[in-house]
Amino acid sequence: MNLIASFLDTAERHGERTAIVAGPGETISFSQLARRSGALAQGWHRAGLRPGDRVLVAMPVGIDLYAAIAGLWRLGASIVFPEPALGFAGLRHAVRMTQPRALLTSGAYGLVRLAVPELWRIGLHLGLDDGMVGDLLTSVEADHPALISFTSGSTGKPKAIVRTHGFLAAQDAALDPLIAPQRQDEVDLVAFPVFVIANLKRGTTSVLPNWRLRRPDQARDADMLRLMVGQKVTRALVPPSIGEVLAGAGALPLQTLFTGGGPVFPDLIERLGSAMPPGADVVSVYGSTEAEPIAWQPASAISAAQWTAMKTGAGLLAGRPVASIGLKLFDDEILVSGDHVNKGYLGGEGDADNKRNIDGVIWHRTGDAGRLDADGMLWLRGRISGHCAGLYPFEVEAPSRFWPGVRRSALVALEGRSVLAVEGDAACLPAWQEAASAFGVDMVVPLARIPLDRRHRSKIDHLTLKKHLAGQ
Numbered sequence: 093m094n095l096i097a098s099f100l101d102t103a104e105r106h107g108e109r110t111a112i113v114a115g116p117g118e119t120i121s122f123s124q125l126a127r128r129s130g131a132l133a134q135g136w137h138r139a140g141l142r143p144g145d146r147v148l149v150a151m152p153v154g155i156d157l158y159a160a161i162a163g164l165w166r167l168g169a170s171i172v173f174p175e176p177a178l179g180f181a182g183l184r185h186a187v188r189m190t191q192p193r194a195l196l197t198s199g200a201y202g203l204v205r206l207a208v209p210e211l212w213r214i215g216l217h218l219g220l221d222d223g224m225v226g227d228l229l230t231s232v233e234a235d236h237p238a239l240i241s242f243t244s245g246s247t248g249k250p251k252a253i254v255r256t257h258g259f260l261a262a263q264d265a266a267l268d269p270l271i272a273p274q275r276q277d278e279v280d281l282v283a284f285p286v287f288v289i290a291n292l293k294r295g296t297t298s299v300l301p302n303w304r305l306r307r308p309d310q311a312r313d314a315d316m317l318r319l320m321v322g323q324k325v326t327r328a329l330v331p332p333s334i335g336e337v338l339a340g341a342g343a344l345p346l347q348t349l350f351t352g353g354g355p356v357f358p359d360l361i362e363r364l365g366s367a368m369p370p371g372a373d374v375v376s377v378y379g380s381t382e383a384e385p386i387a388w389q390p391a392s393a394i395s396a397a398q399w400t401a402m403k404t405g406a407g408l409l410a411g412r413p414v415a416s417i418g419l420k421l422f423d424d425e426i427l428v429s430g431d432h433v434n435k436g437y438l439g440g441e442g443d444a445d446n447k448r449n450i451d452g453v454i455w456h457r458t459g460d461a462g463r464l465d466a467d468g469m470l471w472l473r474g475r476i477s478g479h480c481a482g483l484y485p486f487e488v489e490a491p492s493r494f495w496p497g498v499r500r501s502a503l504v505a506l507e508g509r510s511v512l513a514v515e516g517d518a519a520c521l522p523a524w525q526e527a528a529s530a531f532g533v534d535m536v537v538p539l540a541r542i543p544l545d546r547r548h549r550s551k552i553d554h555l556t557l558k559k560h561l562a563g564q
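Each number in our numbering comes from the position in the sequence shown (counting from 1) with 92 added on.
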């Protein structure tokens, strides 16, 4: 097998249909992308790259990147993606963990070779010369490594995750009921590379973001609206931070908006739904770097009772677990297993804390607290580590976002007390304190800004937040 073979089959069927839009006038068709990836693979093979070789890729997100991914997989090479949010530190960590044989950079990213001494030891430097002609396609086993990426490191040192061709094929199958195109002219605005790769197999056009991926919170709604209208975008797959921007953009020309990569709160779902045309839908997706997807929930299928429950302390409705995943709760923590669930980290680092062997089956510990209701629907309660005074974070944070003047909130334990940090209009503090007391929260602290994670700016950076509160 080879994961990229399905894309090549699609390229033969869809020919000149646009595969990727990366900017004004910058597009590539499915057939062009297939030919270019073949030329790159041929050139790299001549340069000495072989199946199983690890290639550290440091490139901007664009057409070149996806042509390179396809070309490397044609050869059976293993792609190493450093965590972009960690900058040079992420590059150094990736080199130490994976010991790549080759380095592939382009544009300004080529300067990292000068700035990061760890890269000097990599002997094979690849370029993007596609002047050759070739149609290589290496057959590999299902357990052949295709991709090595890293966790965000928000709860400790980033862990390296190896995804094999078989793993990614299983993940694609699990995603199919979610993102399979509903019409032939579907056009997706895609912020997550995994979904661009999935779209290449399905023949769906992917429009790449026109905002800085490392700072989605700084995206401009007017720019995004022009992009969506200009490219006739019908669906968007974006993190909640981009959802927040779009929710204030006015009328959105979308039929479906998928959002995940961080908690999707009910107030955001409501605001997005109000900005979209009648019959359009907002779909919240729950998963993690180690297991994507775990569950999803269309807003159109949320009952009145479920809406009320989310607004009054029941947590976040994640939906029914996908059919191909095993899910169980252990001391409130969500554990998952299945063909598209990571079984262990590179070098075993982190396995002791994040994996459980139960009767010979490896289960991944998500670190998230949850519950299953009588109908088998999964509800998210927040991080296990965030439990304090009988409360889990989402059970307070979701309702609090409907309080007057609240933009964002975070429940933390500090010196044995439950503290709700609130970003918003501090003039509303008395109302916040009264509402929080009803949940059993000890203290409300107004903040000008609550720190967020560096990857998607959609999760609370609890370590930084606790240090700030302790300093106050």
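Glycine included, each C-beta is placed from N, C-alpha and C at the ideal position.
(message) Whether or not the stretch 522–535 and the stretch 289–309 are in contact is what I'm after, with contact meaning three or more pairs of Cβ atoms, one per stretch, closer than 8 Å; do they touch?
(response) no
(request) Please name the residue, chosen from Ala540, Gly478, Arg499, Arg109, that lies closest to Ser510 on a Cα-to-Cα basis. (result) Against the sequence shown, residue 510 aligns to sequence position 418. Closest option to Ser510, Cα to Cα, is Gly478.
(message) Please classify Pro449 as buried or exposed, where buried requires at least 16 other C-beta atoms within 10 Å of its C-beta.
(response) Position 357 of the sequence shown holds residue 449. Checking the sequence shown, residue 449 turns out to be Asn, not Pro. So Asn449 counts as exposed.
(message) Distance check for Gly353 and Ser121, CA to CA, integer angstroms please.
(response) Taking the first residue of the sequence shown as position 1, residue 121 is located at position 29. Taking the first residue of the sequence shown as position 1, residue 353 is located at position 261. Going from the Cα of Ser121 to the Cα of Gly353 covers about 29 Å.
(message) Considering only their Cβ atoms, is the gap separating Ile417 from Ile386 smaller than 9 Å?
(response) On the sequence shown, position 294 is the one that residue 386 refers to. On the sequence shown, position 325 is the one that residue 417 refers to. Contact flag set, yes.
(request) Take Ile171 as the anchor and find which of Gly202, Asp227, Pro237, Thr243 has the nearest alpha-carbon. (result) On the sequence shown, position 79 is the one that residue 171 refers to. Checking every option, the nearest Cα to that of Ile171 belongs to Pro237.
(message) According to DSSP, Trp455 sits in a beta bridge with which residue or residues?
(response) Against the sequence shown, residue 455 aligns to sequence position 363. Partner(s): Arg448.
(request) Put Ser550 into one of helix, strand or coil per three-state DSSP. (result) Translated into the one-based positions of the sequence shown, residue 550 becomes position 458. Reduced to three states, the DSSP call for Ser550 is coil.
(request) Just the C-alpha distance for Ala290 and Glu507, rounded to the nearest angstrom, thanks. (result) Looking up residue 290 in the sequence shown gives position 198. Looking up residue 507 in the sequence shown gives position 415. Those two C-alpha atoms are separated by around 46 Å.
(request) Please go through the same chain and pick out, in chain order, the residues whose beta-carbon is closer than 6 Å to the beta-carbon of Val453, but skip the five residues on each side of it. (result) Translated into positions along the sequence shown, residue 453 becomes position 361. Contacts found: Ser429.
(message) Could you give the first and the last residue of the continuous alpha helix (DSSP H) run that contains Glu384?
(response) Here residue 384 refers to the residue found at position 292 when the sequence shown is read from its first residue. Where Glu384 is concerned, there is no enclosing alpha helix (DSSP H), given that its DSSP letter is neither H nor E.
(message) Buried or exposed for Glu233, going by 16 or more other Cβ atoms inside 10 Å?
(response) Residue 233 sits at position 141 when you count from the first residue of the sequence shown. By the C-beta density criterion, Glu233 is exposed, having fewer than 16 other C-beta atoms within 10 angstroms.
(request) Starting from the Cα of Arg255, find the closest Cα among Val433, Leu203, Ala97 and give me that residue. (result) Position 163 of the sequence shown, counting from 1, holds the residue named residue 255. In terms of Cα proximity to Arg255, the closest of Val433, Leu203, Ala97 is Val433.
(request) Kindly indicate which three-state DSSP category Lys251 falls into: helix, strand or coil? (result) The sequence position of residue 251 within the sequence shown is 159, counting from 1. It is coil, neither helix nor strand.
(request) Rank Val286, Leu281, Pro301, Gly295 by C-alpha distance to the C-alpha of Lys324 and give the top, closest one. (result) Translated into the one-based positions of the sequence shown, residue 324 becomes position 232. Closest by alpha carbon: Leu281.
(message) Pull the bridge partners of Val325 from the DSSP assignment, please.
(response) Here residue 325 corresponds to residue number 233 of the sequence shown, with the count starting at 1. Under DSSP, Val325 takes part in no beta bridge, so it has no partner.
(request) For Val282, name the three-state secondary structure that DSSP assigns. (result) Locating residue 282 in the sequence shown gives position 190, where the first residue counts as 1. Strand at Val282.
(request) Please confirm whether Val279 and Asp313 have their CB atoms less than 9 Å apart. (result) Translated into positions along the sequence shown, residue 279 becomes position 187. Translated into positions along the sequence shown, residue 313 becomes position 221. Contact: no.
(message) I need the DSSP call for Asp303, collapsed to helix, strand or coil.
(response) Along the sequence shown, read from residue 1 onward, the residue named residue 303 stands at position 211. The sequence shown places Trp at residue 303, rather than the Asp named in the question. Trp303: coil per DSSP, three-state reduction.
(request) Output the distance between the C-alpha atoms of Gly226 and Leu260, rounded to the nearest integer angstrom. (result) By 1-based counting over the sequence shown, the position of residue 226 is 134. By 1-based counting over the sequence shown, the position of residue 260 is 168. The straight-line gap from Cα to Cα measures roughly 25 Å.
(request) Could you tell me the distance, in whole angstroms, from the CA atom of Ser298 to the CA atom of Ala111? (result) Here residue 298 refers to the residue found at position 206 of the sequence shown. Here residue 111 refers to the residue found at position 19 of the sequence shown. Approximately 6 Å between the Cα atoms of the pair.
(request) Report the rounded CA-to-CA distance for Val204 versus Phe180, giving the unit in angstroms. (result) Numbered from its first residue, the sequence shown carries residue 204 at position 112. Numbered from its first residue, the sequence shown carries residue 180 at position 88. Those two C-alpha atoms are separated by around 8 Å.
(message) Pairs of beta-carbons, one from the stretch 123–141 and one from the stretch 153–167, closer than 8 Å: are there three or more?
(response) yes
(message) Nearest by alpha-carbon distance to Ala150: which of Leu195, Arg499, Ala518 is it?
(response) As a working note, residue 150 is residue 58 in the sequence shown. Ranking Leu195, Arg499, Ala518 by Cα distance to Ala150 puts Leu195 first.
(message) Please tell me whether Ile155 and Thr197 are closer than 9 Å, where the distance is taken between their beta carbons.
(response) Here residue 155 is taken as the residue at index 63 of the sequence shown, counted from 1. Here residue 197 is taken as the residue at index 105 of the sequence shown, counted from 1. Contact: no.
(request) May I ask you to verify whether the stretch 95–104 touches the stretch 175–193, counting CB pairs closer than 8 Å and requiring at least 3? (result) no
(request) Determine the contact status of Gln347 and Pro369, defining contact as a CB-CB distance below 9 Å. (result) Against the sequence shown, residue 347 aligns to sequence position 255. Against the sequence shown, residue 369 aligns to sequence position 277. At a Cβ-Cβ threshold of 9 Å, Gln347 and Pro369 count as neighbours.
(request) Under 6 Å Cβ to Cβ from Gly516, same chain only, skipping five residues before and after it: list those, please. (result) Position 424 of the sequence shown, counting from 1, holds the residue named residue 516. Contacts found: Gly497, Val498, Arg499.
(request) Work out the CA separation of Tyr484 and Leu557 for me, nearest whole Å. (result) Taking the first residue of the sequence shown as position 1, residue 557 is located at position 465. Taking the first residue of the sequence shown as position 1, residue 484 is located at position 392. Rounded to whole angstroms, Leu557 to Tyr484 spans 17 Å at the Cα level.
(request) Measure from the alpha carbon of Ala252 to the alpha carbon of each residue in Pro522, Asp534, His456, Glu441, then state which is nearest. (result) One-based indexing of the sequence shown puts residue 252 at position 160. Taking only the C-alpha atoms, the option nearest Ala252 is Glu441.
(message) According to DSSP, is Ala265 part of a helix, a strand, or is it coil?
(response) Against the sequence shown, residue 265 aligns to sequence position 173. In the structure shown, Ala265 sits in a helix (DSSP, three-state: H, G or I).
(request) Tell me where the beta strand (DSSP E) around Ser529 begins and ends. (result) Reading the sequence shown from its first residue, position 437 is the one you call residue 529. Ser529: not part of any beta strand (DSSP E); member of the alpha helix (DSSP H) spanning 521–530, first to last residue.
(message) Can you list, in chain order, the residues of its chain with a C-beta nearer than 6 Å to that of Ile426? Leave out the 5 residues immediately preceding and following it.
(response) Reading the sequence shown from its first residue, position 334 is the one you call residue 426. Cβ within range, chain order: Thr458, Asp460, Gly462.
(message) DSSP three-state label for Gly140, please.
(response) Working through the sequence shown from its first residue, we reach residue 140 at position 48. Residue state, collapsed to three classes: coil.
(request) Since I believe Val147 is in contact with Leu183 (beta carbons under 8 Å), could you give me their beta-carbon distance rounded to a whole number of angstroms? (result) For the purposes of this step, residue 183 is taken as residue 91 along the sequence shown, with counting starting at 1. For the purposes of this step, residue 147 is taken as residue 55 along the sequence shown, with counting starting at 1. The Cβ separation is near 14 Å, so there is no contact.
(message) What does the alpha-carbon distance come out to for the pair Val514 and Ala540?
(response) The residue given as residue 514 occupies position 422 in the sequence shown. The residue given as residue 540 occupies position 448 in the sequence shown. Roughly 8 Å separates the two Cα atoms.
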